Structures are given as C-alpha cells and as structure tokens.
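Student:
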Amino acid sequence: MSSWGGLAAFPSLELVPLRTGVQPNTCRKVHGFWEAARHPGLTTPGGAGNFLRPFSMGTLSREVYFASHVVTGFSSMWGGQKPVRAAAGWCLGVVRCTRSMSPVCLQAYKTIQESKERYASRLATIARQSQDQESSASGAAPQGTAAPVTPPKVPSHVPFLLIGGGTAAFAAARSIRARDPGARVLIVSEDPALPYMRPPLSKELWFSDDPKVTETLRFKQWNGKERSIYFQPPSFYVPVEDLPSVENGGVAVLPGKKVVHMDVRGNTVKLNDGTQISYDKCLIATGGSPRNLPAIERAGKDVQKRLTLFRKIEDFQRLEKISREVKSITIIGGGFLGSELACALGRRARTRGLEVIQLFPENGNMGKVLPEYLSNWTTEKVRREGVNVLPNAVVKSVSVSGNRLLIKLKDGRKVETDHIVAAVGLEPNVELAKSAGLEVDSDFGGFRVNAELQARSNIWVAGDAACFYDIKLGRRRVEHHDHAVVSGRLAGENMTGAAKPYWHQSMFWSDLGPNVGYEAIGLVDSSLPTVGVFAKATAKDTPKSATEQSGTGIRSESETEAEASEVQISQSSSPMPQVPKQGEDYGKGVIFYLRDKVVVGIVLWNIFNRMPIARKIIKDGEEHEDLNEVAKLFNIHED
4 MSSWGGLAAF
14 PSLELVPLRT
24 GVQPNTCRKV
34 HGFWEAARHP
44 GLTTPGGAGN
54 FLRPFSMGTL
64 SREVYFASHV
74 VTGFSSMWGG
84 QKPVRAAAGW
94 CLGVVRCTRS
104 MSPVCLQAYK
114 TIQESKERYA
124 SRLATIARQS
134 QDQESSASGA
144 APQGTAAPVT
154 PPKVPSHVPF
164 LLIGGGTAAF
174 AAARSIRARD
184 PGARVLIVSE
194 DPALPYMRPP
204 LSKELWFSDD
214 PKVTETLRFK
224 QWNGKERSIY
234 FQPPSFYVPV
244 EDLPSVENGG
254 VAVLPGKKVV
264 HMDVRGNTVK
274 LNDGTQISYD
284 KCLIATGGSP
294 RNLPAIERAG
304 KDVQKRLTLF
314 RKIEDFQRLE
324 KISREVKSIT
334 IIGGGFLGSE
344 LACALGRRAR
354 TRGLEVIQLF
364 PENGNMGKVL
374 PEYLSNWTTE
384 KVRREGVNVL
394 PNAVVKSVSV
404 SGNRLLIKLK
414 DGRKVETDHI
424 VAAVGLEPNV
434 ELAKSAGLEV
444 DSDFGGFRVN
454 AELQARSNIW
464 VAGDAACFYD
474 IKLGRRRVEH
484 HDHAVVSGRL
494 AGENMTGAAK
504 PYWHQSMFWS
514 DLGPNVGYEA
524 IGLVDSSLPT
534 VGVFAKATAK
544 DTPKSATEQS
554 GTGIRSESET
564 EAEASEVQIS
574 QSSSPMPQVP
584 KQGEDYGKGV
594 IFYLRDKVVV
604 GIVLWNIFNR
614 MPIARKIIKD
624 GEEHEDLNEV
634 AKLFNIHED
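Quick note: the sequence shown, position 577, residue 580 per my numbering, numbers continuous.
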C-alpha cells in the first residue's frame, strides 16, 4: 500500500489498520456517514473515545467504528485529496477512501501522545467484538426468528459499586474518576436507560416543536441551544464485561437490573436475577418512587390503566402520546411537578383543544412553598396558560363512568376526565435498609447518614434517598436536581478518601414556561413567617433571559457550589423596593423565610444568577433589622 501524502500534516499520528473489504462505489456513502457523525447527539463533548454506531448501506455491510475527540472531514472523497480537520482540537483518527484502491481500505489514525495503550486496547476490543458478530452472523437464526441475545458478563467484583442510575450516581461516578483516573466504576440501574437529567421531562421537552422529540429526547433550552437529555452518549461508557480488564478503568452501566439484597459484612450485593457482586466501596443512590393517592389505589385496574405517575422517560413518552389522543387530562397535585406539567399541557390546550384540569387541596399553586399572595398570583398565571385550576380540592374517590373517569371530591364536586396524572410527591426507595441493616429516618424518610454522607464505613448515600444533617438547618432530606448533583459529587470524593463534610446549601428552581420562574434555597415553607420585597420586572427578568446569560438551561450547573465571599449591607439611596398591592403584578422580587428572626430560606422570583448571595446570607445566620436593605443585594431595583 502506498503511503498517504497527507500524513506529513499530522506528525504525531500513528497508522492503525481497522477494516478492509469495502467496495469503491460505497465511498460516497461512507462520506455521507461522516457528515452524519457531526450530529451533536453522536459526539462526546470533552470526553474521550467516541465510537460511531454500526451501519449497513449498499454493499457496505460492516461495522465501522471511529474513535475521536473531533470529526475529521474530507476536502474531497476522490482524486487523493488531502484530509482537512472539521473541528479544532487534536485528532484521534481519520478515514481514507480513494478510487485507486480495490478493495478500498478504511484506516484509523490515533494519537500516540495520550493514552496510547488505552486506545489500542479499545480498538482490539472492537475488532474482537466485530469478529464475534461476523461469526454469529454465519450461523444466524432463520428469518423471522429472533436470535438469542447474550446478556453481558457481569464482573464478580468491582472497586466502586453505585446502586441507582440517576443524577446522583452519575455525579458520583465522574467525581470518583476525577480523583482516581484509573478507577473502575459499575452503575447498577433499575432504569433501562443510561443516566439522564429529569428536569426537562416536565419543562423544556414539552415546548419542543420537533414531532419526534419523544424519540430523540433532544430539546431546545430557553436560550435556544439544543442538548440531549442524556448526560453522556453510550460511547462514554465502558462495556460491562470489559470493565475488569480495560486499561485505565472507566464507568460501566448495567441497566434494567435491581439490587435486592445487601450483605454489608461481606461487601456483596445480589441482583434480581441472582447475580452476586462484591465491592470495595458502595454508593446507594436509589432515588425515590412517585407516590399515589389512596383513593386511586383503591379504584382498581381500570382506573390504574388511565393513570400516570410521572417520573421517568417512559412516563414522558406515554403522557405526550396520550395528550395527542384524549380530550381531557386531569393533574392532581399543586406542587412543582404538577404546576409545571399543567403549564406545559395548557399550552397544548390552546392549540389542540385539549382540556387540562389541575386540582389540589391547597389554596393555590405551590401553596406549601410560596406565601399566600404569591401562590394566588401563580394560580392566576397557570389559568392564563389555559388550565382549569381547582384549588381546595380533596379527592374522595375515582371510578370509571361510561368511557370516562369520574373523580368525586370531598366537597361534593365532580370532575370527568379521560386520563389522570398524579403528582403528589416522592417516596424514597429504602428497601435495601432491611437487608443492609441501615437506619431509616422516621421523620423525613431516607437513609440516615453522617456529615460525610456515610451510612456505614464503606457505604455512602446521595440524592433523594439521603437524609443528612445540615449544620445550619438541622436534619433534612432534599429532592432536587442540584442536591443530587452536589451530594453525588461529594459522596464520590469521600469514596476516594476526601473525608469532606456536606456543607452545601442546595438550590432548586421551577419554571412556569419561559417567562416566569423562580429559584430557591434553604427552608422554604409557607408556614414560616415571610417578608417579600418586589420591584417591576424588565424583559431580561425571565428564565429564557437567564439561560441566555448563563449558557445553560440546567441552572444549577452554572451555580455549582458558589458562595459570595462577603455580604455588605448598608444604607443606600437606591429606590426602595416594596411589596406590591393586591392585584398588582409580581414582576421580580425576593421572599425571605424566617425562623427565630433569622433568614433560613430565600426565594428569588424572576431573579436569576444571584444564588451565591442567597447562600451566603443563610450560611451567616444573622438577624437583619431591615430586609429591604438585604433585598438590595440582589439588585432588584436595577432596570
């Protein structure tokens, strides 16, 4: 084979044969696949080892894998033109295809500067898997008969075992690998999907104009930027069977499996299929399951078939499909999830004639969190979105009446609908506590852990299932994305010897569409005394504008653990913000929640990227004579 004239342009590249046997007339199709490879869904931003999916086109019916940080294109597929880079950064590989060669060779080039042995190992694994697949193809099952699927060989031992495949587990895996680059991490997830973020399931995904959004699970953030719901594509993860042997370790996910028993003394777990795995360090990040209403549980199977307990990807996919087919959907619950879904579905009520009903026992939307005046304003906002809101509604019974569901309320009202979504809270998954001998908090639920998120000497807990001690606010359990990220990250650090306490005040946020949203921190309970300070909003005081400024729709990613270094409260000549009168618009403002005259919680209403200040105020734990002056720290009087 003749040398390639373009190789001189890449002095650090080494030639590694990958595949042969491709006919020349398929080269343009290979080029077409290169173009598809630039799709953002197939790249790994900032990660290594991106492998394109198998494909079969025309006479090209082989698997071609390409390991890359960047996609390399061609100035021309014909005439031996030199390759050119399609993106900045160093290149792990390029494919060559010329008309003069028959058969045409597909070759990969990779760097020898970083992790040479690792990528050689990955390529060898790929070649072995390809040979296995070709061998099995020669003895394939007859057409119409499904070939048996061999489950991955699960390692009998892993250094780091993470139980649960949600945000906390993924954050812990990245944290472990950051401190120990050679670590081997196994995530055992009951969910069939790879780790993904949950907030878009009730927010941005519903506002997508893509008719295939339930398949792609890609969405535009309020700032217009597109991203996937998954934290990383499949190429980020190591195959489960390769985890013990792959050089430099990695993260593997075993989906669709549940840990049903823990032997804490023996450092082993048993899966629902009988598989046993031993570990050195273990994280429990089992999250929670959506609660149901007793009245619905008593109603029978016919009602259960028309019920969605919203939590996972398949719940979004199912509800999205149902919203296109039925005439009426009723959401039970007035909290974050219920109100977000009501606004999202209300948008469709205007365009498709869908009736959307929301009912809950409180006086107004998010009545357990917001002070009454702001809760009432939020309810009117939801109604303007096309939702029929029924406050002070307690469900007595649910039954099937004809072809519809009949909901009877305790005050005698009746609601007819086609489908019910119950959004009435989360129950932490603590089934492992019994076999593991771990303590469950009787007040808040969840596994009780110490300040380092430890339940036992080699067992940590993070996310929704962790009941931790807050040095400022006492024992708590938090069910929000930011807490899952930060607690998972800290647990991962401590699993690698950091021994750091959990001091972080996690934030959470809720958006009622792209124009109204709030961020909160600390104890935000409407039963506490509150002081609200408001000002007139501007065009930049919206979730959409906030994400345009920060560059991310998952706002905790920009907040991280930041805290203002100093808070100076002094007299100012700036305009004095005031609580608006009844009926006036609550444009933007700050709500302080007090306990013993000390601020223990803060809600920033249409004020964004100011969470470090709020975190600092709560951490200081001081009394403030004039909260109007404290509110000025958030610049709410600025236009």
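Each residue gets a CB set at the ideal place from its N, CA and C atoms; glycine is no exception.
Because the structure is a prediction, the values reported are computed rather than measured.
Thinking residue 247 and residue 158 are a contact (beta carbons under 8 Å), I'd like their distance in whole angstroms, please.
Tutor: Confirmed, Cβ separation roughly 5 Å.
Student: Note down the Cα distance separating residue 2 from residue 186, rounded to an integer number of angstroms.
Tutor: Residue 2 lies beyond the residue range present for the chain, which begins at 4 and ends at 642; the question has no answer from this structure.
Student: Going by DSSP in three states, residue 209 sits in which element: helix, strand or coil?
Tutor: The answer is helix: DSSP assigns residue 209 an H, G or I state.
Student: Who are the Cβ neighbours of residue 389 in its own chain at under 6 Å, not counting the five residues just before and after it?
Tutor: Counting only Cβ-Cβ distances below 6 Å, and skipping sequence neighbours, we find 349, 352 and 353.
Student: Mind checking which residues open and close the beta strand (DSSP E) that includes residue 608?
Tutor: 601–608 is the extent of the beta strand (DSSP E) around residue 608.
Student: Looking at residue 179 and residue 499, is the spacing between their C-beta atoms short of 9 Å?
Tutor: Going by C-beta atoms, residue 499 is nearer than 9 Å to residue 179.
Student: When you compare only the Cα positions, how much space is there between residue 522 and residue 375?
Tutor: If you take the alpha carbons of residue 522 and residue 375, they lie about 18 Å apart.
Student: How big is the Cα-Cα spacing for residue 404 and residue 423?
Tutor: Between residue 404 and residue 423, the C-alpha separation is close to 14 Å.
Student: Could you give the residue range of the alpha helix (DSSP H) that holds residue 317?
Tutor: Taken as a continuous stretch (DSSP letters only), the alpha helix (DSSP H) holding residue 317 covers 316–328.
Student: Can you give me the C-alpha to C-alpha distance between residue 283 and residue 378, rounded to a whole angstrom?
Tutor: About 48 Å.
Student: Taking the alpha carbon of residue 524 as the point to measure from, which residue in 616, 382, 168 and 308 has its own alpha carbon closest?
Tutor: If we check each option's Cα against that of residue 524, 616 comes out closest.
Student: Looking only at its own chain, which residues have a Cβ that is under 7 Å from the Cβ of residue 456, when we skip the five neighbours before and after it?
Tutor: Within the same chain, residue 456 has close Cβ partners 463, 464, 465, 469, 471, 490, 493, 494, 497 and 505.
Student: Look up residue 397 in the DSSP assignment and say whether it is helix, strand or coil.
Tutor: Here residue 397 sits in coil by DSSP.
Student: What do you get for residue 326, buried or exposed, if any count of 16 or more other CB atoms within 10 angstroms of its CB means buried?
Tutor: Label assigned to residue 326: buried.
Student: For residue 197, does the three-state DSSP call read helix, strand or coil?
Tutor: Three-state result, residue 197: coil.
Student: Relative to the alpha-carbon of residue 323, which residue among 338, 355 and 305 has its alpha-carbon at the smallest distance?
Tutor: Considering only alpha carbons, the answer is 355.
Student: Give a yes or no on whether the C-beta atoms belonging to residue 372 and residue 606 are separated by under 9 Å.
Tutor: Taking 9 Å as the Cβ cut-off, residue 372 and residue 606 qualify as a contacting pair.
Student: Give the secondary structure of residue 155 by DSSP, where H, G and I count as helix, E and B as strand, and everything else as coil.
Tutor: Residue 155 falls in the coil class under three-state DSSP.
Student: Figure out for me which residue from 538, 329 and 512 has the closest Cα to the Cα of residue 614.
Tutor: Comparing Cα-Cα distances from residue 614 to each of 538, 329 and 512, the minimum goes to 512.
Student: If you draw a straight line from the C-alpha of residue 621 to the C-alpha of residue 604, how long is it?
Tutor: Cα to Cα, residue 621 sits roughly 7 Å from residue 604.
Student: Straight-line CA distance for residue 216 to residue 210?
Tutor: Rounded to the nearest angstrom, the two C-alpha atoms are 10 Å apart.
Student: Whose C-beta lies closer than 6 Å to the C-beta of residue 174 among residues of the same chain, with five residues either side of it excluded?
Tutor: 488, 491 and 492, listed in sequence order.
Student: Report the CB separation of residue 441 from residue 458 in whole angstroms; it is logged as a contact under 8 Å.
Tutor: Confirmed, Cβ separation roughly 5 Å.
Student: From residue 273 to residue 483, what does the alpha carbon distance come to, in whole angstroms?
Tutor: So the two alpha carbons sit approximately 29 Å from each other.
Student: By Cβ distance, which residues of its chain are closer than 6 Å to residue 573, with the 5 residues on each side in sequence left out?
Tutor: Any reading at residue 573 needs caution, since the residue's pLDDT is 48, under 50, leaving its predicted position unreliable; the model's value is listed next. Taken in chain order, the list of residues that qualify is empty.
Student: Enumerate, from N- to C-terminal direction, the unbroken beta strand (DSSP E) stretches of 3 or more residues contained entirely within the region 241–270.
Tutor: Correct list: 253–258 and 262–266.
Student: The beta strand (DSSP E) with residue 293 in it runs from where to where?
Tutor: 291–293 is the extent of the beta strand (DSSP E) around residue 293.
Student: Count the CB pairs spanning the region 257–264 and the region 390–410 that are closer than 8 Å, and state whether there are at least three.
Tutor: As far as the Cβ criterion goes, the region 257–264 does not touch the region 390–410, which means the pair count is below three.
Student: Could you please give me the residues that DSSP links to residue 510 through a beta bridge?
Tutor: Looking at the DSSP assignment, residue 510 forms a beta bridge with 524.
Student: In this structure, does DSSP put residue 477 in helix, strand or coil?
Tutor: Correct three-state label for residue 477: strand.
Student: Please classify residue 235: does DSSP put it in a helix, a strand, or coil?
Tutor: Residue 235 falls in the coil class under three-state DSSP.
Student: May I have the straight-line CA-CA distance separating residue 243 from residue 255, to the nearest angstrom?
Tutor: Residue 243 and residue 255: Cα-Cα distance of roughly 5 Å.
Student: Classify residue 591: buried if its beta carbon has 16 or more other beta carbons within 10 angstroms, exposed otherwise.
Tutor: The residue is buried, with at least 16 neighbouring Cβ atoms inside 10 Å.
Student: Let me check understanding here. Comparing Cα to Cα, which of 362, 238 and 222 lies closest to residue 231?
Tutor: Closest by alpha carbon: 222.
Student: Have a look at residue 611 and residue 514 and give me their C-alpha separation to the nearest angstrom.
Tutor: For residue 611 and residue 514, the distance between alpha carbons rounds to 12 Å.
Student: Can you tell me where the beta strand (DSSP E) holding residue 431 begins and where it ends?
Tutor: It spans 429–431 - the beta strand (DSSP E) in which residue 431 sits, taken as one unbroken run.
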